[in-house]
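Some notes on the structure that comes next.
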Amino acid sequence: MDRIRARPFVLAATSMALSPPPFGSRCLRACREGVSGIEPRLDFLDYGSRRARTSLESNGGHLRQTTLAAAALLAALAGPTAAADRAPARLPIRSAQWIAPAAARNLSFAPSECARPPEPEEARRRYEIGRAAFRAPLLLGGQAARVGLSCNSCHSNGRRNDGFLFPGLSGSPGTADVTSSIMSSHRGNGVFDPRPIPDLAVSRKIAREGGGDLERFISGLITEEFDGAPPDPLILDAVVSYVRAIVPSACPPAPEQAVRLADRLADADRAVQAAAYAWEAKDGDAARLLLSSARAALGEIYERFDGPTLAWARTRLRRADLGLLAIQQAIDRQAPDVPLRLAGWRASEPGWAAALARAEAASLFNPQLLARRLAAPRSARVRPAGRNVRA
């Protein structure tokens with residue numbers, strides 16, 4: 003771990019330093035880690051709560067064991083036929099690796115969030131912590147953290163990703179096998195039985211109020227379904243609060259919303275604010291995990307500012323990301339100026355975010371531009387020269 007910490011730029015907690023492979027690519031390093039066709043999210047190993055880092059390390063034995071059992075199946079899934087079935091294009095967007103080609107529209111549009119934040123200040127803080135943790139791959143730990151999967155990957159905006167198609171886990175789009183040995187050493191049953199991913203605004207499989215059923219369900223999902231570390235008590239309570247706030251009556255009139263730069267920037271900002279709440283609660287592990295959520299949001303932005311003409315934007319995002327890394331390191335040191343650092347990062351965001359906003363139309367946040375990339379002949383699916391877009 004000390005060796006990893008010595009190279010924060012190379013192992014940034016976003017996808018900045020690691021170029022994702024083609025979706026459905028042949029099994030290389032990823033297969034040795036137990037998941038084929040999806041590059042391991044090794045950049046997450048250094049970040050998030052110490053519990054999460056411990057979980058990733060302690061599960062190394064399980065990863066090696068499941069590799070032997072799953073490698074043949076996964077290699078087949080990553081072969082040329084599967085690649086043709088699954089990959090609409092070589093894109094820099096990591097989530098494109100687990101989106102069905104027929105559902106490529108999900109890269110530009112997502113279900114509308116149906117969440118009603120509670121009114122009392124303390125409850126709203128807990129809600130914001132849970133919302134950010136829901137979007138943090140490190141919450142799940144294990145293989146999910148390695149490839150960048152979070153709760154939000156299957157439950158987009160707390161709803162349902164009907165285009166989710168993950169190698170070895172999904173049958174038809176929008177399904178997942180929650181008893182797969184690929185992700186779990188606890189619940190693997192040796193049977194491929196993917197089930198539809200539920201919409202959390204509709205599903206009431208687990209009682210949401212009282213009795214502790216929802217708490218036990220979410221804790222078990224993290225520790226058994228994904229082999230993550232037991233969640234921090236504050237984080238578990240907050241995720242439960244967020245899930246309880248997802249109700250049909252909170253759905254806006256529009257059934258879906260565009261995937262926009264402004265929303266990803268807001269996710270990052272809200273996660274940093276949530277980290278400040280956790281720090282005030284004297285929970286450094288939770289604060290660190292929430293900053294990993296903010297960094298993941300920056301990584302999603304970075305992926306879409308693709309190509310040489312937007313290199314300046316990626317540079318600005320790297321700087322913002324390194325600012326969050328510095329705060330995580332300050333948390334590790336129990337530095338007294340952590341609140342000032344968090345406030346300073348949030349105060350600096352509008353400046354560089356405004357420059358990104360002016361270039362959004364030239365990025366892959368632009369649905370038309372993304373559609374053209376998807377429709378381009380494979381030989382043309384390289385980073386376009388385009389016109390030079392500056393801040």
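For the sequence shown, the residue numbers in the numbering used here are 3 to 393. Where a beta carbon is used, it is the ideal one built from N, C-alpha and C, also for glycine.
Margin query: Given a cut-off of 8 Å on the beta-carbon distance, is the pair Ala-277 and Leu-293 in contact?
Written below: Their beta carbons are under 8 Å apart, which means Ala-277 touches Leu-293 by this criterion.
Check: What residues are listed by DSSP as bridge partners for Phe-219?
Finding: Answer is none; Phe-219 lacks a bridge partner.
Next item on the list: Taking Ala-373 as the reference, give the member of Asn-108, Trp-100, Leu-236 with the closest Cα.
Entry: Ranking the options by Cα distance to Ala-373, first place goes to Asn-108.
Next item on the list: State the beta-bridge partners of Ala-117 as determined by DSSP.
Entry: Ile-248.
Note to self: How far does the beta strand (DSSP E) with Glu-227 in it extend, from its first residue to its last?
What the structure shows: Where Glu-227 is concerned, there is no enclosing beta strand (DSSP E), given that its DSSP letter is neither H nor E.
Margin query: Please classify Asp-215 as buried or exposed, where buried requires at least 16 other C-beta atoms within 10 Å of its C-beta.
Written below: Counting Cβ neighbours within 10 Å, Asp-215 comes out exposed, since fewer than 16 surround it.
Notebook entry, point to check: Relative to the alpha-carbon of Phe-166, which residue among Gly-222, Pro-103, Thr-181, Ile-224 has its alpha-carbon at the smallest distance?
Noted result: Minimum Cα distance to Phe-166 is reached at Pro-103.
Check: Does DSSP put Phe-2 in a helix, in a strand, or in coil?
Finding: With the chain running from 3 to 393 in the structure shown, residue 2 is simply not present.
Check: Sorted by chain position, which residues of the same chain lie with C-beta nearer than 7 Å to Ser-186's C-beta, five sequence neighbours on each side aside?
Finding: Counting only Cβ-Cβ distances below 7 Å, and skipping sequence neighbours, we find Glu-226, Glu-227, Phe-228, Asp-229.
Notebook entry, point to check: How about Leu-366 and Asp-308: do their beta carbons lie closer than 8 Å?
Noted result: Taking the C-beta atoms as reference points, Asp-308 is found nearer than 8 Å to Leu-366.
Margin query: Quick check: the segment 309 to 327 against the segment 342 to 361, are at least 3 beta-carbon pairs closer than 8 Å?
Written below: Touching, yes, given that three or more Cβ pairs across the two stretches are closer than 8 Å.
Notebook entry, point to check: If we call anything under 8 Å between Cβ atoms a contact, is Ser-394 one with Ala-135?
Noted result: The chain is shown from 3 up to 393; residue 394 falls before or after that span and cannot be answered.
Notebook entry, point to check: When burial is assigned at 16 or more other CB atoms within 10 Å of the CB, is Gln-336 buried or exposed?
Noted result: Taking all protein chains in view, the Cβ of Gln-336 is surrounded by fewer than 16 other Cβ atoms within 10 Å, so the residue is classified as exposed.
Margin query: Can you check which of these residues, Leu-202, Cys-116, Tyr-129, Leu-263, is closest to Ala-363 by C-alpha distance?
Written below: Nearest neighbour of Ala-363 by Cα position, chosen from Leu-202, Cys-116, Tyr-129, Leu-263, turns out to be Leu-263.
Check: Just curious, the beta strand (DSSP E) that Gln-259 is in, first and last residue?
Finding: For Gln-259, the enclosing beta strand (DSSP E) covers residues 258 to 260.
Check: Taking the alpha helix (DSSP H) that Gly-301 falls in, what are its first and last residues?
Finding: Segment 286 to 306, the alpha helix (DSSP H) holding Gly-301.
Margin query: Using only CA atoms, which one of Leu-140, Gly-173, Thr-177 lies nearest to Cys-156?
Written below: When each option's Cα is compared against that of Cys-156, the closest is Thr-177.
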